[in-house]
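Accompanying notes for the structure given below.
In my numbering, the protein residues as written are 190 to 973.
Encoded structure:
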């Protein structure tokens with residue numbers, strides 16, 4: 190007969206040992222598969238994926254929070270569950286007690302979405318903590334952390350789906366698993382004929398068995414099948430495992446015994462309260478209008494889930510809304526209609542948990558309850574935001590909307606939450622056109638100068654038939670960001686001009702006049718797209734670098750993103766891949782670190798080695814003080830970044846361009862490299878150096894058909910320049926309030942223009958200011 194795999198976290202080895210000791214008495218062969226600290230990441234999941242045998246998986250708090258157990262486990266569970274070979278047993282986890290010598294047991298729950306959110310938040314926090322360590326590490330430690338960080342990031346993205354697979358597969362509690370002499374085990378493995386034999390053996394030897402310890406055994410469990418016992422029932426020789434189809438309510442159904450009826454296990458329906466327990470109520474009571482809007486949205490959400498076949502999630506949404514608005518007649522009516530159409534679901538209050546008569550479960554540690562009780566609305570909202578971010582990153586936009594909605598309910602003033610909801614809903618959830626208008630309008634109440642919001646609201650209004658409102662917001666968008674004035678947008682949002690009366694008098698139009706008449710003044714000639722370029726951008730995580738990388742990705746070019754902040758690079762890579770279907774490579778390093786630059790750029794994957802365009806964008810300013818009061822650490826940072834960093838990267842990339850006799854290096858200088866200003870001494874010096882290096886590099890490389898250019902902007906907002914210069918002092922960094930500087934996108938367009946000229950054209954330098962700036966020191970500060 191086939192073996193049965195007992196899979197578990199090594200911290201919970203006693204669970205498998207108990208099962209093995211009990212059931213192996215009648216010859217059932219078990220093999221132990223344990224994962225835990227010290228194992229290679231992915232080993233546990235890969236072993237699960239390779240097995241073709243039935244699997245009993247002990248799901249505990251330890252397992253769900255263990256990187257060695259969770260890495261690579263999702264595809265294995267999907268396969269085993271799909272083959273109906275998975276028996277999931279929910280059991281207590283354990284944590285060290287305060288005395289350090291014993292353990293306290295922690296209940297494991299996955300039945301509510303709030304429980305899933307707890308684990309999702311745990312892994313997201315673990316990834317952020319690891320990212321912080323990565324940024325401050327170096328050498329071998331940094332390389333080791335990178336692999337671990339990538340693994341943790343995958344788990345953070347997959348843990349919600351792992352729990353969903355377990356819920357859809359069905360599961361039993363440990364008490365249910367052991368009840369009636371493991372009846373659930375025998376029923377689920379198709380070994381009902383063995384059950385009576387086991388019951389007789391268990392009865393006869395029960396008194397002679399030594400007590401089974403609750404502490405983990407000291408020796409490692411065997412990695413090969415552990416086969417004991419000699420009493421094998423007659424059907425065993427030809428017996429094959431058959432797997433019953435689980436019900437969709439999250440619990441196993443009880444098959445009818447073939448011959449003699451055994452006592453059945455009372456298995457309650459799954460608790461389907463989607464939002465989780467003990468969520469804090471908003472402190473400020475909702476106004477009637479807002480309450481009706483929330484109810485309307487909840488109804489729409491729930492019905493959408495139900496109509497798409499996700500019954501559990503749909504009813505969970507209804508029940509969460511009823512907890513918030515129990516007296517709303519329309520909500521109750523819609524819920525009853527849903528129950529009649531899709532099947533009756535018991536309310537959460539009517540559901541009883543599994544019986545604990547079989548075994549006394551130790552009390553849950555007090556510190557966990559204290560932590561839950563102490564969780565603030567701010568933390569709760571942040572948790573939901575992070576869960577929504579991860580869902581959106583995976584393309585699960587409906588769940589992202591759910592999470593962000595919860596964050597907005599907890600804290601209606603939560604920064605940026607309505608912006609996320611509005612932009613995502615308008616782009617990806619066409620069934621929520623009216624809701625998108627609501628979100629975007631709320632977002633603009635907080636940030637009226639956001640061009641992207643105005644453009645998105647224009648699109649949403651147009652879809653809802655409000656052409657006048659759409660044109661109003663489109664006009665506002667192009668005032669804030671002229672680059673949004675494209676031929677497509679003009680055609681979509683602006684009303685056609687009124688028809689002129691037709692004159693019977695013939696007027697001859699000269700060719701020059703005809704050309705002027707047919708030209709759309711809003712249309713710029715498209716930039717040539719002769720080929721797909723491989724573009725490397727340093728300092729790509731913010732400001733000009735980010736805008737430039739996005740512009741190239743949007744136009745279909747291959748982009749190598751570099752920067753110090755790994756988490757930002759991950760988000761940008763995901764965004765560019767999803768929104769623009771772009772080919773993106775991410776390289777986290779600091780340009781000041783010569784070894785890191787060499788390690789990253791001299792070992793590029795083969796398909797990324799031929800860099801066509803290098804954009805040396807990484808740079809910064811630190812401090813604003815006269816030379817005799819300057820901070821030497823600031824000087825060192827500027828010199829290391831603005832000059833040496835540019836040189837390190839150029840030295841690594843330029844040889845390949847010379848060898849191929851093609852390439853383009855674009856250095857991002859500054860107006861400070863053209864003219865100095867008071868207290869800008871060292872920063873100006875570094876940018877003068879960039880200007881000189883650009884000229885010198887051009888002289889060195891032109892004979893190798895490598896172009897060298899420079900863009901030198903004045904003041905630019907939408908960057909971190911000012912906040913970095915003043916060491917995070919937001920008040921001192923607020924230098925753009927009384928005039929309109931350039932935007933990061935303006936500079937990005939200039940860079941893109943340089944890079945896409947025909948091969949025989951080399952634009953040497955673009956020195957650009959906003960209209961209200963005439964020089965480094967001459968600025969019209971009369972207002973925007």
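Glycine included, C-beta positions come from ideal geometry on N, C-alpha and C.
Residue i versus residue j: straight-line alpha-carbon distance, rounded
i           : j           : result
residue 863 : residue 936 : 17 angstroms
residue 789 : residue 332 : 11 angstroms
residue 631 : residue 585 : 23 angstroms
residue 589 : residue 359 : 25 angstroms
residue 868 : residue 811 : 11 angstroms
residue 447 : residue 220 : Below a pLDDT of 50, predicted positions are generally treated as unreliable, and residue 447, at 40, falls in that range; the measurement from the model is reported next regardless. Going from the Cα of residue 447 to the Cα of residue 220 covers about 28 angstroms.
residue 380 : residue 526 : 42 angstroms
residue 204 : residue 372 : 17 angstroms
residue 802 : residue 962 : 30 angstroms
residue 939 : residue 847 : 25 angstroms
residue 959 : residue 900 : 14 angstroms
residue 954 : residue 844 : 23 angstroms
residue 324 : residue 305 : 29 angstroms
residue 240 : residue 315 : 30 angstroms
residue 485 : residue 618 : 16 angstroms
residue 594 : residue 769 : 26 angstroms
residue 578 : residue 760 : 9 angstroms
residue 599 : residue 570 : 6 angstroms
residue 366 : residue 750 : 51 angstroms
residue 964 : residue 860 : 8 angstroms
residue 592 : residue 576 : 6 angstroms
residue 945 : residue 744 : 11 angstroms
residue 665 : residue 597 : 26 angstroms
residue 247 : residue 741 : 49 angstroms
residue 662 : residue 739 : 24 angstroms
residue 636 : residue 883 : 39 angstroms
residue 481 : residue 514 : 10 angstroms
residue 640 : residue 809 : 26 angstroms
residue 255 : residue 777 : 26 angstroms
Own chain residues within Cβ distance below 6 angstroms of residue i, not counting five before or after
i           : result
residue 245 : 195, 276
residue 491 : 503, 506, 507
residue 820 : 812
residue 319 : 338, 341
residue 902 : 931, 936, 957
residue 967 : none
residue 269 : 244, 275
residue 818 : none
residue 582 : 763
residue 835 : 805
residue 348 : 308, 309, 312
residue 978 : Past the edges of the chain, shown from 190 to 973, lies residue 978, and the structure says nothing about it.
residue 754 : 730
7 angstroms Cβ shell around residue i - same chain, five flanking residues per side excluded
i           : result
residue 288 : none
residue 235 : 261
residue 217 : 193
residue 615 : 625, 629, 645, 648, 649
residue 837 : 780, 783, 786
residue 877 : 862
Identity of the residues DSSP links to residue i by a beta bridge
i           : result
residue 723 : 747
residue 734 : Bridge partners of residue 734: none, in fact.
residue 197 : 223
residue 956 : 901
residue 284 : 293
residue 931 : 905
residue 752 : 777
residue 799 : Beta-bridge pairing links residue 799 to no other residue.
residue 805 : 856
Spatial neighbours of residue i in its chain, beta-carbon cut-off 8 angstroms, leaving aside the 5 residues before and after
i           : result
residue 396 : Summary for residue 396: the model assigns pLDDT 49, below 50, so the residue's position carries little reliability, and this model does not support an answer.
Supposed close pair residue i, residue j - CB separation, criterion 8 angstroms
i           : j           : result
residue 724 : residue 747 : 7 angstroms
residue 222 : residue 354 : That belief does not hold up - the Cβ atoms of residue 222 and residue 354 are roughly 18 angstroms apart, past 8 angstroms.
residue 293 : residue 286 : 5 angstroms
Residue ranges of each alpha helix (DSSP H) within the segment 483-534, 4 or longer: 500-513, 518-531
At 3 residues or longer, what runs of the beta strand (DSSP E) sit wholly inside the segment 833-904? 852-857, 895-902
Residue ranges of each beta strand (DSSP E) run of no fewer than 3 residues wholly in the segment 227-267, ordered along the chain? 244-248
Please give me, in chain order, every unbroken run of the alpha helix (DSSP H) with length at least 4 that falls completely inside the segment 591-655. 606-617, 622-635, 640-652
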